[in-house]
Amino acid sequence: MRIDEFPLQDKNQIAASYSAADPSVENLYDYNGFTAEMMEQRISDIGSREYEREKLANYLSDYNFQFSCSKQTLTNIEKLRNPKSAAVIGGQQAGLLTGPLLTIHKCISIIQFACIQERQLGVPVVPVFWIAGEDHDYDEINHVNVERNGGPKKRSLPPVSPLKTSATLMEWDSVKAAEWAESVFREFGETEFTKEVLSKVKEIFKSSKTAVHSFAQFITDLFGEYGLVLVDSGEPHFKRLQTETLEKMILRNKEVDEAFAAGIGQLTGRGFSAPVELQENNAHMFIYQNEERLLLFRDDSGNFLSKNEEVTITSEQLMANAKEKPELFSNNVVTRPVMQESLFPVLAFIAGSGEIAYWSALKEVFHLFGFKMPPLVPRLSMTIVTGKNEKQLKETGLKVEDVLREGTEVHKQSWYETHKPIDTKGVYTETLTKIEAAHTELKTLALTIDPSLKRLSDINLNRIKNEVDYLHTKMERAMKKELKEPLALFDHLQCDLAPDGVLQERVWNAFSYINRYGTDWIKQLTEQPLEFNGKHKLVYVR
């Protein structure tokens, strides 16, 4: 395995400004980056707070044990009982077959940054992956992309219920899930690894009651030896640790909303687009009613209700539920980071571009609860370059950087213009010029006879030019057909490295590569020291 890196501008304006330490976003966060000085300050700040470490560690042990977690994971959980310990946390939705590659990259980022900080700070630092199981948008996790006709095509697993419940609680048909996996692997293609990998996937699917359970098992199997600790935000037992913070969120609900709105106002006032939509009287928490997850709003009298009033409840009743039935609640993008901060001694949060953007509006929400927003560390961003891709790059004369920054279409057209057997452009242009000149004489004569023929003359010229264009297009198409194979190399590179102009890590699934190369490349990548320097990593695998 070889790893190169190069600077690649983040398309998210706020995230790009954060990574560049731009003054326009500096005071939107509590810590200016994640320098050694900032990390020393953060570990000191954590030391001044109290956490329910025993309850947290007990829960994490029980949760991770069900996935036959490693000794390293159990050891890391025990570290959290130490009042000097801290955690590096990052999270993602529970996508099928682990979801897009960026999930794997986030796990590696969490593990590596935790190791770096433990070494530098001299205190126990635990890597924690927060599974966003309380999310209810099944369409975001119910598919993987496969290559079809030179681009990504979704292969979805239909839900067993139309109810909008959380992913954690949404049970699935494990037999149909295993059948779905078989169909996906058929499209991945048969390799020396397929039989073993698919057998393991089907085994996990058949033994899992939910997509979240299967996700947790896959991540445990891939990263357990590195001591990665999993937590599921939608797990009912985990909710029981959240009562105290839930009560505060209810008591100060209007202030939470105002603090968030003020944060959005700061962003838009500086010329940034709002990363999260403001909704009037949003309570920033969901409640379960008849197995559905419903967003709550406040009314003018201080009571709470869902959008269509399926739920109407007083603040007193809501407080009682928070104390007695915390599993009925779940957080949204505004309150989830605060809940995480209240439960874990967060040294740093490994964040994607979208998270860096929306957390920029949350500083005052954190302060409302007496917390500081933890340092945000941009997730390692990577592109896998296969041996086949390397050969294609050599044949086209392109670099990976060209594909990721500009795409291949311009380079493809340039290559074609240089290599096509006959240059038709000169004759085509000259022919049009002659036609226009000849037609001008005809048009002049027509107008002499009848001035009203001007419009018809113009239409007539356009029709003639269109016929010439059509012939020229057919000529070009015939020549491109002769050069079909070399031109297709550009399309293959685009599809593999930046499908539809999007970074590979956001589109392709890790198991399409595990099917080709096994899991050794993930192990090598996890153990390869990587710098958190904001540069995009190019991972060459064979």
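Just so we're aligned, residue 6 is where the sequence shown starts under the working numbering, counting upward by one.
Using N, Cα and C, we set each Cβ at its ideal position, and we do this for glycine too.
Being a predicted model, the structure only gives us computed values, none of them experimental.
- Counting the other CB atoms within 10 Å of its CB gives Ser49 a total below 16, which places it among the exposed residues.
- The C-alpha of Val405 lies about 7 Å from the C-alpha of Leu398.
- Of the residues assessed, Lys84 falls on the buried side of the cut-off, its CB having 16 or more other CB atoms within 10 angstroms.
- In the assembly as shown, Leu283 is an exposed residue. Its beta-carbon has fewer than 16 other beta-carbons within 10 Å.
- Scanning the stretch 248-316 for uninterrupted beta strand (DSSP E) segments of 3 residues or longer gives 287-294, 297-303, 309-311, listed from N- to C-terminal end.
- In terms of Cβ geometry, Arg384 and Ile427 do not form a close pair [threshold 8 Å].
- At a Cβ-Cβ threshold of 8 Å, Asn147 and Leu203 do not count as neighbours.
- Annotated as distal: Ala362 and Gly268, with beta-carbon spacing of 8 Å or more.
- Inter-segment contact for the stretch 120-129 and the stretch 89-99 is present: three or more beta-carbon pairs are separated by less than 8 Å.
- Nearest in C-alpha terms to Leu13, of all of Asp140, Asp407, Met44, is Asp407.
- Counting every other CB atom within 10 Å of its CB across the protein chains shown gives Thr340 a total of 16 or more, marking it as buried.
- The beta carbon of Arg547 sits closer than 6 Å to the beta carbons of Gly392 from its chain, once the five residues preceding and following it are set aside; these are given in chain order.
- For Leu466, same chain residues with a beta-carbon under 6 Å away, outside a window of 5 residues either side, are His444 in chain order.
- Just so you know, the alpha carbons of Ile255 and Leu323 end up roughly 7 Å apart.
- Under the three-state reduction of DSSP output, Lys158 falls in the strand class.
- In the structure shown, Asn336 adopts extended strand secondary structure according to DSSP, grouped into three states.
- Assignment of alpha helix (DSSP H) within the stretch 356-400, counting only whole runs of 4 or more residues, yields 358-364, 368-373 in chain order.
- In this structure Lys489 is not in contact with Leu33, their Cβ atoms being roughly 51 Å apart against a cut-off of 8 Å.
- Closest in C-alpha terms to Leu492, from the list Gly307, His477, His424, comes His424.
- Gly96 is bridged by DSSP to Trp135.
- Straight across, the Cα-Cα distance linking Arg245 with Ala353 is about 24 Å.
- Using a 10 angstroms sphere on the CB of Tyr475, the tally of other CB atoms stays under 16, which defines it as exposed.
- Residue Asn295 holds the alpha-carbon nearest to the alpha-carbon of Ser171 among Asp27, Thr453, Arg153, Asn295.
- Residue burial is scored here from C-beta neighbours: Thr453 has fewer than 16 other C-beta atoms within 10 angstroms and is therefore classed as exposed.
- Counting the other CB atoms within 10 Å of its CB gives Asn81 a total of 16 or more, which places it among the buried residues.
- The three-state reading of DSSP puts Phe11 in strand, counting E and B together.
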